[in-house]
Amino acid sequence: MNQRGEHSKWSGKRILCIGILLCFLCSLFMGESNIEKEKGFSMKEAFVSMIKTKTTNTIFPVCEFLTVNDTEDSFREAIVNAAFHTIPFYEYIRNNNTFVMQVESESTYDMIILCEGNDEYTSPSELSDADIEDSCHVLVDADDTMEHENEEARNNDQEAQEEKEIYKNVGGDFTKAESKQFEYDLTKFQNFNSLFTEFYAIDSSTSVTEKRLNLNMLLSKDVTVKGDNKSPQILIYHTHSQEAFADSIPGDPSTSVVGAGEKLATLLREEYGFNVIHHTGEYDVEKRDYAYAYAAPAVEKILADNPTIEVIIDLHRDAVREDTKLLTNIDGRPTAKFMFFNGLSYNNDLGQINYLPNPNLADNLAFSFKAQVLANEYYPGWTRKIYLRGFRYNMQYLPKSMLIELGAQTNTVEEIMNAIDPLAHIIAMTLSGS
């Protein structure tokens, strides 16, 4: 009986406390509702507005700023805006448009493919669905003004003098280097900055970190050919078959990049014993738009018909300023310089380009790196740094995929053909594990 009395006593106190609290809240709510009503709201609208304000300000204190900014956003937008407002980093990103949510759509895919196809040495100036086609066409028109050679090398008077000497020492047949002119101590490149500075140049449209590019990863990959030459081992083709040189003969593919590809295929077959297919399909005859996309089905069919192929080489020539010439002297002959080229499937504006995945990226990077090391050791001063850009350039098909920029439009056919001899030597040594 005492327990029931005690329980009733406390129940009465609870009811009284709840009643007082409700009266306080009602007076507070009604007071604020009247304020809202004075602003022109109906009683119902004022009450709803007050409930929203009290609820959000109690449960989500970050929304307090709404009462100051008098926003007209929806309730959902209000919560999102409040969250951004109270986290300065997110507010900065939103206000400066440094991050754009990419919606996976067919138009976005087409935009990326279009820019990739236009030129591996141009970058989209505007990555929007509405403007991308026009911007890519503008870039194609301007491609002869784009080049990768850094300003210091281009303006080096000593290099210009060396170029003159090259023409005084034109020799005859090529004699490949039998030994290294020097040898790298690769342990010095464990540091990412040292590795990158020595071997790489990167386009401003993309970026790379130590996680993706490091010495241990590059050295751990096996880039040697495993099969014998009874079946095709190497595929050479040209995404941009119309690329020509300073004295190329119009209509004569033997004086274009296709002719250079044929000489490379012949040397790899006859001099080094590889089984090579040279595909001369044309995918950029009228314009370069979608060239990589157009070339892809042909490459896929060749690989399907020849499953023993282990290596793909896409041979190009670069585009530089008309006053720039990529030239050196090898074995007494004027020889076009070249560079290996890798796509990272990463763009600073788009982030990771999931439309263009490359599961073989690490192997691609290792392949070009090991070839670059040998080229520098056997023929110092001949190569340019490995160039990194944002797309993937059909390098996803095989681990040993290589894109080569051989010379430029300012080189002569002779200089290009002279470069094929040491290039075949370097590729053969890389694939044999020398």
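Using our numbering, the first residue of the sequence shown is number 45, and each one after it goes up by one.
Glycine residues also receive a C-beta, built at the ideal position from the N, C-alpha and C atoms.
Check	Outcome
Can you grab the Cα-Cα spacing for the pair H360 / M473, in whole Å?	21 Å
Run through the DSSP bridge pairs and tell me what Y437 is partnered with.	In DSSP, Y437 forms no bridge with anything.
For the beta strand (DSSP E) that contains F384, what are its first and last residues?	F382 to G387
If you run the structure through DSSP and keep just helix, strand and coil, what is A472?	helix
Between which residues of its own chain and G305 is the CB-CB distance below 7 Å, once the five residues before and five after are set aside?	I280, H282, H322 and L359
For A245, list the residues DSSP reports as bridge partners.	Y431
Reducing DSSP to helix, strand and coil, say where A342 ends up.	helix
Under a three-way DSSP split, which group does V417 fall into?	helix
May I ask which residues mark the beginning and end of the beta strand (DSSP E) holding V320?	V320 to H322
Verify whether the separation of the beta carbon atoms of Q277 and I346 is less than 8 Å.	no
Put N402 into one of helix, strand or coil per three-state DSSP.	coil
Could you tell me the alpha carbon to alpha carbon distance between I470 and I430, rounded to whole angstroms?	15 Å
Looking at the structure shown, is N462 part of a helix, part of a strand, or coil, going by DSSP?	helix
Given that a residue counts as buried once 16 or more other Cβ atoms are within 10 Å of its Cβ, and exposed if not, what is D407?	buried
Any idea what DSSP makes of D358, helix, strand or coil?	strand
Could you check if S389 is buried or exposed, using at least 16 other CB atoms within 10 Å of its CB as the buried criterion?	buried
Please state the DSSP three-state secondary structure of T231.	helix
Taking only the alpha-carbon atoms, compute the straight-line gap between I357 and N273 and give it to the nearest angstrom.	17 Å
With a CB to CB cut of under 6 Å and the five nearest residues on each side skipped, what residues in its chain are close to G477?	T268
So does the segment 225–244 actually touch the segment 428–444, counting three or more Cβ pairs closer than 8 Å?	yes
For the segment 281–297 against the segment 324–338, are there 3 or more C-beta pairs whose distance is under 8 Å?	yes
Can you have a look at G434 and say buried or exposed, based on whether 16 or more other CB atoms are within 10 angstroms of its CB?	buried
Tell me whether the segment 215–225 and the segment 411–425 touch, counting them as touching only if at least three CB pairs, one residue from each stretch, are closer than 8 Å.	yes
Should L263 go down as buried or exposed, given a rule of 16 or more other Cβ atoms within 10 Å for buried?	exposed
Which residues mark the beginning and the end of the alpha helix (DSSP H) in which K307 is found?	V301 to E314
Need the endpoints of the alpha helix (DSSP H) that S264 sits in, please.	L259 to S264
Could you please give me the residues that DSSP links to E449 through a beta bridge?	H360 and M383
Under a three-way DSSP split, which group does N455 fall into?	coil
Quick check on L442: does DSSP put it in helix, strand or coil?	coil
Would you mind stating whether A380 and I460 have Cβ atoms separated by less than 8 Å?	yes
Starting from I278, trace the beta strand (DSSP E) both ways and give me its first and last residue.	I278 to Y281
Along the beta strand (DSSP E) that carries I481, what are the first and last residues, could you check?	Here the chain has residues from 45 to 478 only, and residue 481 is not among them.
Check the C-beta distance from D362 over to A452 and give it rounded, since I have them as a contact under 8 Å.	4 Å
Give every residue of the same chain whose Cβ lies closer than 8 Å to the Cβ of N462, excluding the five residues on either side of it in the sequence, and list them in chain order.	F218, I374, R377, P378, T379 and A380
Would DSSP call P424 helix, strand or coil?	coil
Run through the DSSP bridge pairs and tell me what N273 is partnered with.	Bridge partners of N273: none, in fact.
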